Amino acid sequence: MAPGTRSDVFDVRDYDLAATLTSGQAFRWRWDGAAWIGIVAGKWVGLRQTPTGIAATIAAGESSPQWLMDYLQVRVNLDQVVATFPDDEPMRRAVAACRGLRLLQQDPWECLASFILSSTKQIVQIRQIVTLLCERFGDEIAAPQGHPRAFSFPDPERLAGANETELRACKMGFRAPYLLEAARRVADARLDLEKLQTLASDQLQVLTSRTGGRRSAASLTEAPVDEARAMLMQLPGVGRKIADCVLLFAYGFQSAFPIDVWVENALQTLYFPKRRASRKRLRHFSETHFGPNAGFAQQYLFHYMRTVFGRETGKG
DNA sequence: AACCAGGACACAA
DNA sequence: TTGTGTCATGGT
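Letter by letter, the first sequence follows residues 204 to 519 of the working numbering.
Here it is as structure tokens:
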């Protein structure tokens, strides 16, 4: 173990670290030959798979890394989640191919900003843009000896003070004004990311109680997830897909079902192979077919299409 | 070397 | 409602 670090082991089964960290939900993890290196909650983190779970290396002096366990969602029982998936051939194949694939719970601002930068970009390019952004606008973080310099994800206040030209220099192109405006609105509280957190809690209340929790009369007709999505979509450059990514990957709304080109292709070819289904039909299908953990199922379809299906059919 | 990428948006029809 | 062009950039 490198000096100045401490090590923790999380006992968890059915956790495929590599698949989870490279499945297009987070964009800062890299494999250095011995471990997965990333930044969580502004702290340097090294992760590697062990026979009984996950070994984590963090800076010495950190308290018990509950923040890391929350991020990794190690207490989620994957068997219970998968058991709620529909019992059909496509889902069985996806689950068999991606066993151990998990959902993370990311920082909302980093997740929102990253997915604003994701539109019409390949994952490798998103990673490149985010890396540049962090190097130029983030704060340097203490990394263990022998490791490359590490940088935090720049907070909204920092980016709100940047200009569009500086942002475009990070190769984000037409997404620069979108990111800038998002940063400004979060920085001056026109968009309250904490409020979305309370809506996520409200959504859990709705699902676990019959009374609808503590929803106010004014929002009785609208589910918390819909209210949260509408708030995100107020941002320029944030449509249904990006909003759903943030709802699912940062706030844990399990009904959020991002439909990008891959997932649309998955739904179309796996579930409607005969004739072409309309977007509206696919959207309705996604909302009715995949159960209470639809977003989780979506991640299996996405990763399955990207990693396995193309090779199976030979036309990837 | 065309084609496409975890899209959004304005504008047709 | 669904289709088309535009936006910027780099990988395959």
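Just so it is clear, CB atoms sit at the ideal spot from N, CA and C, and this is done for glycine as well. These numbers were taken from a predicted model, which means no experiment stands behind them.
Name the DSSP beta bridge partners of residue i, please?
{"i": "residue 262", "result": "208"}
{"i": "residue 243", "result": "246"}
{"i": "residue 345", "result": "Note: residue 345 sits in no beta bridge, so no partner."}
{"i": "residue 353", "result": "344"}
{"i": "residue 269", "result": "Paired residues: none, contrary to the question."}
{"i": "residue 257", "result": "213, 252"}
{"i": "residue 233", "result": "240"}
Count the other CB atoms, across all protein chains shown, that sit within 10 Å of the CB of residue i; report buried if there are 16 or more and exposed otherwise.
{"i": "residue 420", "result": "Here residue 420 scores only 48 on pLDDT, less than 50, and its place in the model is too uncertain to base an answer on."}
{"i": "residue 280", "result": "exposed"}
{"i": "residue 228", "result": "buried"}
{"i": "residue 478", "result": "exposed"}
{"i": "residue 341", "result": "buried"}
{"i": "residue 204", "result": "exposed"}
{"i": "residue 368", "result": "exposed"}
{"i": "residue 411", "result": "exposed"}
{"i": "residue 209", "result": "exposed"}
{"i": "residue 447", "result": "buried"}
{"i": "residue 358", "result": "buried"}
{"i": "residue 379", "result": "buried"}
{"i": "residue 432", "result": "buried"}
{"i": "residue 292", "result": "exposed"}
{"i": "residue 500", "result": "buried"}
{"i": "residue 415", "result": "Caution applies to residue 415, whose pLDDT of 49 falls short of 50 and renders its modelled position unreliable; the value that the coordinates give is listed next. The residue is exposed, with fewer than 16 neighbouring Cβ atoms inside 10 Å."}
{"i": "residue 313", "result": "buried"}
{"i": "residue 220", "result": "buried"}
{"i": "residue 321", "result": "buried"}
Candidates the options: which alpha carbon is nearest residue i's?
{"i": "residue 215", "options": "511, 275, 233", "result": "275"}
{"i": "residue 450", "options": "486, 428, 225, 477", "result": "428"}
{"i": "residue 218", "options": "472, 251, 452", "result": "251"}
{"i": "residue 232", "options": "356, 292, 291", "result": "356"}
{"i": "residue 339", "options": "207, 273, 373", "result": "373"}
{"i": "residue 441", "options": "317, 397, 508", "result": "317"}
{"i": "residue 336", "options": "349, 213, 345, 319", "result": "319"}
{"i": "residue 253", "options": "433, 211, 266", "result": "211"}
{"i": "residue 509", "options": "347, 446, 397, 466", "result": "466"}
{"i": "residue 278", "options": "495, 256, 358, 332", "result": "256"}
{"i": "residue 288", "options": "495, 263, 262, 507", "result": "495"}
{"i": "residue 263", "options": "282, 347, 331", "result": "347"}
{"i": "residue 145", "options": "221, 226, 238", "result": "Residue 145 cannot be examined here, being either before or after the span of the chain that is shown, 204 to 519."}
{"i": "residue 399", "options": "265, 266, 273, 315", "result": "315"}
{"i": "residue 483", "options": "462, 497, 493, 498", "result": "462"}
{"i": "residue 351", "options": "460, 234, 376", "result": "234"}
{"i": "residue 497", "options": "258, 294, 221, 230", "result": "294"}
{"i": "residue 458", "options": "238, 492, 332, 311", "result": "492"}
Under 7 Å between the Cβ atoms of residue i and residue j?
{"i": "residue 158", "j": "residue 406", "result": "Since the first residue shown for the chain is 204 and the last is 519, residue 158 is missing from the structure and cannot be characterised."}
{"i": "residue 470", "j": "residue 430", "result": "no"}
{"i": "residue 298", "j": "residue 284", "result": "no"}
{"i": "residue 385", "j": "residue 438", "result": "yes"}
{"i": "residue 330", "j": "residue 230", "result": "yes"}
{"i": "residue 332", "j": "residue 375", "result": "yes"}
Segment contact, 8 Å Cβ cut-off, at least three pairs: the stretch 242-253 with the stretch 316-330: no
Segment contact flag, the stretch 452-472 with the stretch 290-308, C-beta cutoff 8 Å, min 3 pairs: yes
Stretch pair the stretch 359-366 + the stretch 375-392: three plus CB contacts closer than 8 Å: yes
contact_flag[the stretch 464-475, the stretch 488-507] where n(CB pairs < 8 Å) is 3 or more: yes
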